[in-house]
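See structure below.
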Amino acid sequence: MSDRTTGTVAPVTGAGRAAAGAGAAGAGFGGSADAVPAGDRQPAAAPLAPRAGLLPALAAVYRAQLSRARVARIPLLFVATFQSVGIMILMRGVVDGGSEARAVVAGSSVLVVAFVALNLLAQYFGQLRASGGLDHYATLPVPPASVVLGAAAAYASFTLPGTLVTAVFGCVLFGLPMSGLWILAAVVPLAGAALAGLGAALGLLAPRQELATLAGQLGMSAALLLGVLPPERMPQAIVWARDLLPSTYGVEAFAQTFAPDPDWAVVAVDLGVCGAVGVLSLAVATWAYRRAAVR
């Protein structure tokens with residue numbers, strides 16, 4: 105029979121308190137984990153996924169934008185091509201041939217790139233910023249440069265069919281040789297990068313969506329007036345303004361290939377300037393994307 109009385113608690117002596125304190129200290133500082141109640145344990149944080157590299161993220165954004173553009177931008181591409189063809193038909197009544205005809209055909213062909221890469225991309229990024237769509241890209245573990253470069257590359261590469269159709273029609277209309285059309289494989293991506301970077305920067309820096317649309321329209325109008333019209337008939341001030349437009353160097357490189365004896369050194373310099381402007385404009389667009397995404 106036990107000596108303890110039912111319902112009574114034995115007093116805790118000083119030695120008992122010391123032993124209990126030592127046990128609690130051992131469990132709290134390097135003691136056994138079994139001493140911690142199961143309900144008080146915090147689950148271990150799961151490690152975050154590594155950040156995606158620039159090239160894989162760029163490829164993913166490019167495929168997504170190209171798939172979207174294939175559905176939504178085909179009607180607008182027809183509009184851009186029809187617009188350039190109509191301009192050449194109008195200019196045919198004024199221009200007979202020579203360097204002026206080469207300028208008209210080259211400028212009208214690059215105008216397709218300006219319509220899609222500059223105008224539509226400015227509207228796209230302006231609408232993306234106004235609707236909060238940048239928040240979606242900001243939550244993805246992708247570098248900001250991949251978003252801008254992927255969208256710009258998709259819009260620029262999408263213009264190649266319309267540019268080729270316009271150039272072939274212009275060669276037939278003005279009686280120009282088609283042997284130099286292969287240069288479009290370099291003109292379209294380089295001029296497209298320069299104009300797409302400019303369009304993205306305009307769309308991201310515009311405080312309102314309407315201003316982004318207006319900036320894209322003005323940029324395309326500048327490409328139309330300064331790129332299609334022959335520079336020989338322009339005042340010197342307009343010629344200087346023409347040199348500031350990124351697409352001008354793509355137009356000059358393409359027009360040079362129609363000459364009987366093209367100066368390929370001049371073509372290489374014009375393409376190099378166009379590519380350098382493209383790198384600069386895409387860098388500005390990437391900075392504008394970072395600036396817009398954190399606001």
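Residue 105 is where the sequence shown starts when you use the working numbering, and the numbers rise one by one after that.
By construction, the Cβ of each residue, glycine as well, lies at the ideal position given by its N, Cα and C atoms.
Note that the structure is a prediction, hence the values are computed from the model and not measured.
Roughly how many whole angstroms lie between the Cα atoms of residue i and residue j?
i: M282; j: Q231; result: 39 Å
i: V252; j: A389; result: 7 Å
i: L222; j: D200; result: 30 Å
i: L402; j: G157; result: A query on residue 402 cannot be resolved here, the shown segment of the chain reaching from 105 to 399 and no further.
i: A310; j: Y241; result: 19 Å
i: V165; j: P339; result: 43 Å
i: F278; j: A304; result: 34 Å
i: E204; j: L333; result: 8 Å
i: S171; j: F262; result: 10 Å
i: A380; j: G331; result: 19 Å
i: L280; j: F362; result: 7 Å
i: P364; j: G202; result: 10 Å
i: M192; j: T243; result: 46 Å
i: V208; j: C378; result: 19 Å
i: L386; j: W344; result: 23 Å
i: R206; j: A163; result: 36 Å
Which of the three DSSP states, helix, strand or coil, is assigned to residue i?
i: P265; result: helix
i: A310; result: coil
i: S235; result: coil
i: P179; result: helix
i: D347; result: helix
i: P281; result: coil
i: F219; result: helix
i: A257; result: helix
i: M338; result: coil
i: L417; result: Summary: the structure shown does not reach residue 417, with the chain confined to residues 105 through 399, and so no result is reported for it.
i: P247; result: coil
i: P364; result: coil
i: G323; result: helix
i: V388; result: helix
Spatial neighbours of residue i within its chain, please: C-beta separation below 7 Å, excluding the five flanking residues on both sides.
i: T185; result: V216, G266, V269 and T270
i: L328; result: L215
i: Q227; result: G307, A316, T317 and G320
i: Q405; result: Outside the displayed span of the chain (105 to 399) sits residue 405, for which this structure offers no information.
Residues in its own chain within less than 6 Å of residue i by CB, not counting five upstream and five downstream?
i: D374; result: Y353, E356 and A357
i: L225; result: Y259, A300, G303 and A304
i: Q97; result: The first residue shown for the chain is 105 and the last is 399, placing residue 97 beyond what the model contains.
i: F229; result: A304, G307 and L308
i: F219; result: A184 and M324
Please return the same chain residues whose Cβ sits closer than 8 Å to the Cβ of residue i, not counting the five positions on each side in sequence.
i: L384; result: G301
For the segment 251-271 against the segment 299-316, do three or more pairs of beta-carbon atoms, one drawn from each stretch, fall closer than 8 Å, so that the two count as touching? yes
Would you check if there are 3 or more beta carbon pairs closer than 8 Å linking the segment 385-394 to the segment 242-249? yes
Using 8 Å as the cut-off, can you tell me whether the segment 313-320 makes contact with the segment 180-200, which would need three or more C-beta pairs spanning the two stretches below that distance? no
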